[in-house]
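Residue numbers (my numbering), protein chains in the order written: chain B, 1280 to 1485; chain W, 1280 to 1485. Where is the CB? At the ideal position from N, CA and C, for every residue including glycine.
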DNA sequence: TTTTGTGAAGACATTCACAGCG
DNA sequence: CGCTGTGAATGTCTTCACAAAA
């Protein structure tokens, strides 16, 4: 549901960019492939932002949604594991949208990692994780290390006071209840796609 | 649900690797952070694989699950858009697990894209998309192009007979009903994490 | 005994449909 | 009228709890 809010935020931004000032739940729903009642419910959940018979003011609504998501305040992010994937994440504009700041990266081999990177985010040795982030507020750690060390690195991150982890490693990591974890797992998506593709070809034959 | 099957497949592989021959739904559930009834229901959905009072034979079950997911047969994949993200996907071992073959990539600037890649997947000009994949069976296209051209490229892919799309572009793409689309959207995950982090800090204050 | 497979219950999410406001 | 906000209805997914099988 919060993910949908984030979608609303994104589409409102694009409406604003296009100079559209007024929008209806039906139009938002159409653009995102959702049901209009769902859009209204999601928004109504946090207050009364709409005007019956009119719709929503794009500008107003966007401010409200950003307020709810707290996208208005700075999120401090670090990257742990600067291999192929980590490097890509660093250079992929659009990964860090406004409101997110990548402070630094960590890797077992910071020198070679730094060479690959075309961003100006400093890469430190992972041995210095604790000392480098000591005393700093780190909101989110992006985890892109090899599977074998994922749990160990996670434990260290939690000890360092990291509040949330975006995990690109294809395994479940154990964390205390108050730590937020979100998973991004490409190959899972690929495999599930494969399943439906199969169905498709079977359907064609029948 | 199919995603969970894929998780089972992965964990069964690791059990097999460790030489574990027998497994219970409770143990699988524990490892994946699920409920044991869920694991049993998911599996029971496709047949009776378990033995009451014993559990499941790891090897047997894995074969069954791979059969259901059709991970046993080759999936032919292409990559469209070989920018930062696309490049990373190409070099990221683990993206393409066994059963998936990356045939080639396409980009507006194949020369510079090829330079970045350390894989031996050939990169062609996107103008030649139709001619290069003509007559070939392509199961899945991985979409990693800029937002502005995502819909146009999608249309071309569909015309070329691609059956499924794994979309890394942060926007909804329109496709005919019989085409499968799956979305991978990092920044959405980041934003939703941010929301809960906020909650966390509020909770701490109270 | 142990652990499966599964109806029944429960929790959660989505959609319908309409009163009421602008 | 048009469109929101929202109870009620529906649908979907998850968990419980237990009879039956090994």
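Cutoff 8 angstroms: residue 1390 of chain W Cβ touching any chain B Cβ: To locate residue 1390 of chain W, count along the second chain from 1; it is residue 111. Residue contact with chain B for residue 1390 of chain W: absent (no Cβ-Cβ distance below 8 angstroms to any residue of chain B).
For the region 1421-1430 of chain B against the region 1346-1366 of chain B, are there 3 or more C-beta pairs whose distance is under 8 angstroms? yes
Are the CB atoms of residue 1412 of chain W and residue 1429 of chain W nearer to each other than 8 angstroms? Within the second chain, numbered from 1, the residue matching residue 1412 of chain W stands at position 133. Within the second chain, numbered from 1, the residue matching residue 1429 of chain W stands at position 150. In this structure, residue 1412 of chain W lies away from residue 1429 of chain W, with their beta-carbon atoms at least 8 angstroms apart.
For residue 1339 of chain W, which residues in the same chain have their Cβ closer than 8 angstroms to its Cβ, ignoring the five residues on either side in sequence? Sequence index remark: in the second chain, residue 1339 of chain W carries index 60 (1-based). These residues qualify, in order along the chain: 1328.
Against residue 1366 of chain B, what residues of chain W qualify as contacts under a CB-to-CB distance less than 7 angstroms, listed in chain order? On the first chain, residue 1366 of chain B is found 87 positions in, with the first residue counted as 1. Result: 1367.
What does residue 1374 of chain B touch in chain W if you count any residue whose Cβ is under 8 angstroms from its own? As a first step, residue 1374 of chain B is located in the first chain; it is residue number 95 there, counting from the start. Here the neighbours are 1465, 1466 and 1469.
The beta strand (DSSP E) spanning residue 1445 of chain B covers which residue range? Residue mapping note: residue 1445 of chain B aligns to position 166 of the first chain, counting from 1. Unbroken beta strand (DSSP E) run through residue 1445 of chain B: 1443-1446.
Does the beta carbon of residue 1449 of chain W sit closer than 8 angstroms to a beta carbon anywhere in chain B? Indexing the second chain from 1 puts residue 1449 of chain W at position 170. Interface residue, yes.
For residue 1287 of chain B, which residues in the same chain have their Cβ closer than 6 angstroms to its Cβ, ignoring the five residues on either side in sequence? Taking the first chain and counting its residues from 1, one reaches residue 1287 of chain B at position 8. In the same chain as residue 1287 of chain B, and ignoring 5 residues on each side of it, the C-beta atoms closer than 6 angstroms to its own belong to 1344, in chain order.
Can you look up residue 1305 of chain W in the DSSP assignment and give me helix, strand or coil? For the purposes of this step, residue 1305 of chain W is taken as residue 26 along the second chain, with counting starting at 1. Of the three classes helix, strand and coil, the one that applies to residue 1305 of chain W here is helix, per DSSP.
Alpha-carbon spacing of residue 1315 of chain W relative to residue 1294 of chain B, whole angstroms: What you label residue 1315 of chain W is simply residue 36 of the second chain in a count that begins at 1. What you label residue 1294 of chain B is simply residue 15 of the first chain in a count that begins at 1. Roughly 45 angstroms between the two C-alpha positions.
Close beta carbons around residue 1438 of chain W, own chain, < 8 angstroms, minus the five adjacent residues each side: Locating residue 1438 of chain W in the second chain gives position 159, where the first residue counts as 1. Counting only Cβ-Cβ distances below 8 angstroms, and skipping sequence neighbours, we find 1409.
Tell me, please, whether the CB atom of residue 1315 of chain B is closer than 8 angstroms to any CB atom in chain W? As a working note, residue 1315 of chain B is residue 36 in the first chain. Taking Cβ atoms only, chain W never reaches closer than 8 angstroms to residue 1315 of chain B, which makes this a no.
Backbone secondary structure at residue 1405 of chain W - three-state DSSP: If you number the second chain from 1, residue 1405 of chain W lands on position 126. Three-state result, residue 1405 of chain W: helix.
State the DSSP-derived secondary structure class of residue 1386 of chain W, mapped to helix, strand or coil. Taking the second chain and counting its residues from 1, one reaches residue 1386 of chain W at position 107. Three-state DSSP puts residue 1386 of chain W in a strand.
Residue environment, residue 1350 of chain W, which counts as buried when at least 16 other CB atoms sit within 10 Å: Position 71 of the second chain, counting from 1, holds the residue named residue 1350 of chain W. Buried, since its Cβ has 16 or more Cβ neighbours within 10 Å.
Would residue 1472 of chain W and residue 1473 of chain B be called neighbours here (beta carbons separated by less than 8 angstroms)? Residue numbering aside, residue 1472 of chain W sits at position 193 when the second chain is read from its first letter. Residue numbering aside, residue 1473 of chain B sits at position 194 when the first chain is read from its first letter. It is not a contact, given that the beta carbons lie outside the stated cut-off.
Look up residue 1326 of chain B in the DSSP assignment and say whether it is helix, strand or coil. In the first chain, residue 1326 of chain B corresponds to position 47, counting from 1. Coil, per DSSP.
Chain W contact residues for residue 1381 of chain B, given Cβ-Cβ distances below 9 angstroms: Along the first chain, one-based indexing puts residue 1381 of chain B at 102. None at all; the shortest Cβ gap to chain W is about 11 angstroms.
At the level of alpha carbons, what is the spacing between residue 1393 of chain B and residue 1475 of chain B? Walking along the first chain from the start, residue 1393 of chain B turns up at place 114. Walking along the first chain from the start, residue 1475 of chain B turns up at place 196. Cα to Cα, the separation comes out at about 40 angstroms.
Can you tell me which of the three DSSP states residue 1285 of chain B falls into? Position 6 of the first chain, counting from 1, holds the residue named residue 1285 of chain B. Residue 1285 of chain B falls in the helix class under three-state DSSP.
Pull the bridge partners of residue 1421 of chain W from the DSSP assignment, please. Locating residue 1421 of chain W in the second chain gives position 142, where the first residue counts as 1. Its beta-bridge partners are W/1358 and W/1445.
N- and C-terminal bounds of the beta strand (DSSP E) containing residue 1460 of chain W: The residue you call residue 1460 of chain W lines up with position 181 of the second chain. Element bounds for residue 1460 of chain W: 1459-1462.
What span of residues does the alpha helix (DSSP H) with residue 1399 of chain W cover, start to end? The sequence position of residue 1399 of chain W within the second chain is 120, counting from 1. Per DSSP, residue 1399 of chain W belongs to no alpha helix (DSSP H) and is neither H nor E.
Taking the alpha carbon of residue 1414 of chain W as the reference point, which residue from W/1441, W/1346 and W/1296 has its own alpha carbon closest? Translated into the one-based positions of the second chain, residue 1414 of chain W becomes position 135. Closest by alpha carbon: W/1441.
Express the C-alpha separation of residue 1432 of chain W and residue 1385 of chain W in angstroms, rounding to a whole number. By 1-based counting over the second chain, the position of residue 1385 of chain W is 106. By 1-based counting over the second chain, the position of residue 1432 of chain W is 153. Using only the alpha carbons, I get a separation of about 11 angstroms.
Roughly how many whole angstroms lie between the Cα atoms of residue 1303 of chain W and residue 1463 of chain B? Counting from one through the second chain, the residue named residue 1303 of chain W turns up at place 24. Counting from one through the first chain, the residue named residue 1463 of chain B turns up at place 184. Distance between the alpha carbons of residue 1303 of chain W and residue 1463 of chain B: 27 angstroms.
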